[in-house]
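Peer 1: Input: one structure, supplied below.
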Amino acid sequence: MLDLNGKGILITGGTGSLGKALTKTIFEKWPNIKRLVIYSRDEQKQFVMDQEYPHSQYPAIRFFVGDVRDKERLTRALNGIEYVIHAAAMKHVHIAEYNPTECVKTNIGGAQNVIDACLVTGVKSVVALSTDKACAPINLYGATKLASDKLFVAANNIKGSNPIKFSVVRYGNVMGSNGSVIPFFIKKKKEGVIPITEPHMTRFNIPIQGGVDMVLYALENAWGGEIFIPKIPSYHIMKLAEAIAPECEHRVIGIRPGEKIHEEMITPSDAFHTYDLGTYYTILPQKPVWKMEEYIAYFNAKKVPDGFSYNSGDNTEWETIDSLRSKIKEYVDPNFTV
């Protein structure tokens, strides 16, 4: 059982949607945590979050202004830290397409800096956040996150006698996260027009707490080198628009550069190394540092069929208009009404 009481944790990109949700859950579950470092480069977001978690009430929390591009700063911030959650990234597809070198520096160079800094400090376990766009990527953001995933998986092979473990969690659109489609549609509802890029588009859907639970699952259960993937429903973009703003015009504007019609989280090529753990799938490393038969027995892991894929368009579980409305009210905006 994962017990973070008395432990030190650092979250890169900790002022983002997931970082804030993790912070809330960590303080609720482990009130005697020794140290929680919120590491990010956004001074204003740190200022706002500091008001939510004043040091007088949350003496374990620390706010470190720093960039994952700065390995020296990262290494200093990791003093006394046992667990690292790497959430920092450039995440907007169109911004990455327009600023490719900046995306590479943050998402790939930053990932390697996290790995290098963790290897020379006392960190025990690292969980890196991925995205469905890293699976068979067609945009730069996805390509950089795929490279990041590869780096974290491979880091287990270069650690030597260091007991540290590196793993990855990969999931789809997080409901209500910064810059995501649901708050965008709610905002556009006031203007009377919902812009639709492509009517046949589908996306995976996960509440923010689902992402938090995945990260904590990986911290507790990873052996090193896995990519964990949740079993979650998909939605059609037109049903989402209907759920949020049925009275509005739904205007098709065309697909944007770097977008897919359907997102993937497991390709047929991944299937050879993919196992079903029950709640999650896991893509196992091709050269694990542990014995495969022991892992399979421990988790009662079931190999997926050859040619298996996990695609938002071919999913077997779907959100309805009613379920989307219910989840938006529960997870995004308690004042939401149609």
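Residue numbers (this note's numbering): 3 to 340.
Glycine included, every Cβ here is placed at the ideal spot set by N, Cα and C.
As the structure is a computational prediction, the values presented were derived from the model and not from experiment.
1. As a quick exercise: from THR276, GLU295, GLY280, pick the residue whose alpha carbon is nearest that of LEU286.
2. So HIS252 is in the beta strand (DSSP E); what residue range does that whole segment cover?
3. Ordered along the chain, which non-local residues of its own chain (more than five positions away) have a Cβ less than 6 Å from that of ASP69?
4. Taking only the alpha-carbon atoms, compute the straight-line gap between ALA299 and LEU279 and give it to the nearest angstrom.
5. Please report the distance separating the alpha-carbon of GLU266 from that of LEU142.
6. From the DSSP output, read off the bridge partner residues of ARG205.
7. Within the same chain, show all residues whose beta-carbon is closer than 7 Å to that of LYS47, passing over the 5 residues directly before and after it, in chain order.
8. Take PRO232 as the anchor and find which of GLN211, ILE63, SER328, ILE198 has the nearest alpha-carbon.
9. For the beta strand (DSSP E) containing VAL195, list its first residue and its last residue.
10. From VAL217 to VAL129, what does the alpha carbon distance come to, in whole angstroms?
11. Are there three or more Cβ pairs, one per stretch, closer than 8 Å when the stretch 119 to 136 is compared with the stretch 69 to 84?
12. For GLU332, which of helix, strand or coil comes out of DSSP?
13. Does DSSP put HIS88 in a helix, a strand or coil?
14. Measure the Cβ-Cβ separation of TYR333 and GLY213 and say whether it is below 8 Å.
15. Please say whether SER236 and TRP292 have beta carbons closer to each other than 8 Å?
16. Return the first residue and the last residue of the alpha helix (DSSP H) that THR146 is part of.
17. How would you call PHE49, buried or exposed, if buried means at least 16 neighbouring beta carbons within 10 angstroms?
18. Quick one: what does DSSP say ASP134 is sitting in, helix, strand or coil?
19. By how many angstroms is the C-alpha of HIS252 removed from the C-alpha of ALA79?
20. May I ask you to report which of helix, strand or coil DSSP gives MET267?
21. Run through DSSP, which three-state label would SER19 get?
22. Closest to TYR312 by CA distance: which of TYR283, LYS331, GLN288, ILE323 is it?
Peer 2: The relevant details are as follows:
1. Translated into positions along the sequence shown, residue 286 becomes position 284. Selected option, being the one with the closest Cα: THR276.
2. Within the sequence shown, the letter at position 250 stands for residue 252. Its beta strand (DSSP E) spans residues 251 to 254.
3. The residue you call residue 69 lines up with position 67 of the sequence shown. So the qualifying residues of the chain are ARG43.
4. Within the sequence shown, the letter at position 297 stands for residue 299. Within the sequence shown, the letter at position 277 stands for residue 279. The C-alpha of ALA299 lies about 11 Å from the C-alpha of LEU279.
5. One-based indexing of the sequence shown puts residue 266 at position 264. One-based indexing of the sequence shown puts residue 142 at position 140. The alpha-carbon atoms of GLU266 and LEU142 are separated by roughly 16 Å.
6. On the sequence shown, position 203 is the one that residue 205 refers to. In the DSSP output, where bridge partners are listed per residue, ARG205 has TYR237.
7. Taking the sequence shown and counting its residues from 1, the one referred to as residue 47 is at position 45. Taking C-beta separations shorter than 7 Å and ignoring five residues to either side along the sequence, the partners of LYS47 in its chain run THR17, following chain order.
8. Taking the sequence shown and counting its residues from 1, the one referred to as residue 232 is at position 230. Of the listed residues, the one whose Cα sits closest to PRO232 is GLN211.
9. Within the sequence shown, residue 195 is the residue found at index 193, counting from 1. Residues 195 to 198.
10. The residue labelled residue 217 in the question sits at position 215 within the sequence shown. The residue labelled residue 129 in the question sits at position 127 within the sequence shown. C-alpha separation (whole angstroms): 7 Å.
11. They touch, by the three-pair rule.
12. If you number the sequence shown from 1, residue 332 lands on position 330. If DSSP states are grouped into helix, strand and coil, GLU332 belongs with the helices.
13. Stepping through the sequence shown from its first residue, residue 88 is reached at position 86. DSSP, reduced to helix, strand and coil, places HIS88 within a strand of the structure shown.
14. Stepping through the sequence shown from its first residue, residue 333 is reached at position 331. Stepping through the sequence shown from its first residue, residue 213 is reached at position 211. Contact: no.
15. As a working note, residue 292 is residue 290 in the sequence shown. As a working note, residue 236 is residue 234 in the sequence shown. Not closer than 8 Å, so no.
16. As a working note, residue 146 is residue 144 in the sequence shown. Element bounds for THR146: 142 to 157.
17. As a first step, residue 49 is located in the sequence shown; it is residue number 47 there, counting from the start. Classified as exposed, PHE49 has fewer than 16 neighbouring CB atoms from the shown chains inside 10 Å of its CB.
18. For the purposes of this step, residue 134 is identified with residue 132 of the sequence shown, where counting begins at 1. In the three-state scheme derived from DSSP, where H, G and I count as helix and E and B as strand, ASP134 is classed as helix.
19. Numbered from 1 along the sequence shown, position 77 holds the residue referred to as residue 79. Numbered from 1 along the sequence shown, position 250 holds the residue referred to as residue 252. For ALA79 and HIS252, the gap between their C-alpha atoms comes out near 47 Å.
20. Your numbering for residue 267 matches position 265 in the sequence shown. Of the three classes helix, strand and coil, the one that applies to MET267 here is strand, per DSSP.
21. Along the sequence shown, one-based indexing puts residue 19 at 17. SER19 falls in the helix class under three-state DSSP.
22. Here residue 312 corresponds to residue number 310 of the sequence shown, with the count starting at 1. Considering only TYR283, LYS331, GLN288, ILE323, the residue with the shortest C-alpha distance to TYR312 is TYR283.
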